[in-house]
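Enquirer: Residue numbers (full-length UniProt numbering): 1 to 93.
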């Protein structure tokens, strides 16, 4: 067995590496417009949970581009429409 692939990364180290890699506004401006609302909301919520509100706002703002739409309202609307489309986990055939 290859020990390099069996070693589990440290969660805190991985979080730091993630925020370093994705906390760049330039990266957000390149990627965020191509993501759907749910994907941007997931990233923004993760950054907020980690205490990086500014980074979360950058990703949401870059996703919206120059529309002038309110970030929180846009993501809230996207979340509601996503929930309406998602099947309930309690539904059974």
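A virtual CB, placed ideally from N, CA and C, is assigned to each residue, including glycine.
Mind listing, in chain order, the continuous alpha helix (DSSP H) runs of no fewer than 4 residues lying wholly within the stretch 10 to 54?
Expert: 11 to 22, 25 to 31, 37 to 49
Enquirer: Please check the pair residue 62 and residue 29, which I expect to be a contact at CB under 8 angstroms, by giving their CB distance rounded to whole angstroms.
Expert: Start at 1 with the first residue of the chain shown, and residue 62 comes out as number 62. Start at 1 with the first residue of the chain shown, and residue 29 comes out as number 29. Between residue 29 and residue 62 the Cβ distance is about 5 angstroms, and since that is below 8 angstroms, they are a contact.
Enquirer: Assign residue 7 to one of three DSSP states: helix, strand, or coil.
Expert: Reading the chain shown from its first residue, position 7 is the one you call residue 7. Coil at residue 7, not helix or strand.
Enquirer: Hey, would you say residue 44 sits closer than 9 angstroms to residue 24, going by beta carbons?
Expert: Taking the chain shown and counting its residues from 1, one reaches residue 44 at position 44. Taking the chain shown and counting its residues from 1, one reaches residue 24 at position 24. Their beta carbons are not under 9 angstroms apart, which means residue 44 does not touch residue 24 by this criterion.
Enquirer: Given residue 65, which residues of its chain have a CB within under 7 angstroms of its CB, disregarding the five upstream and five downstream residues?
Expert: What you label residue 65 is simply residue 65 of the chain shown in a count that begins at 1. 33.
Enquirer: If you draw a straight line from the alpha carbon of residue 97 to that of residue 21, how long is it in whole angstroms?
Expert: What the structure shows of the chain is the stretch from 1 to 93, and residue 97 is not part of that stretch, so it cannot be assessed.
Enquirer: What is the rounded straight-line gap between the Cα of residue 38 and the Cα of residue 48?
Expert: Sequence index remark: in the chain shown, residue 38 carries index 38 (1-based). Sequence index remark: in the chain shown, residue 48 carries index 48 (1-based). Roughly 15 angstroms separates the two Cα atoms.
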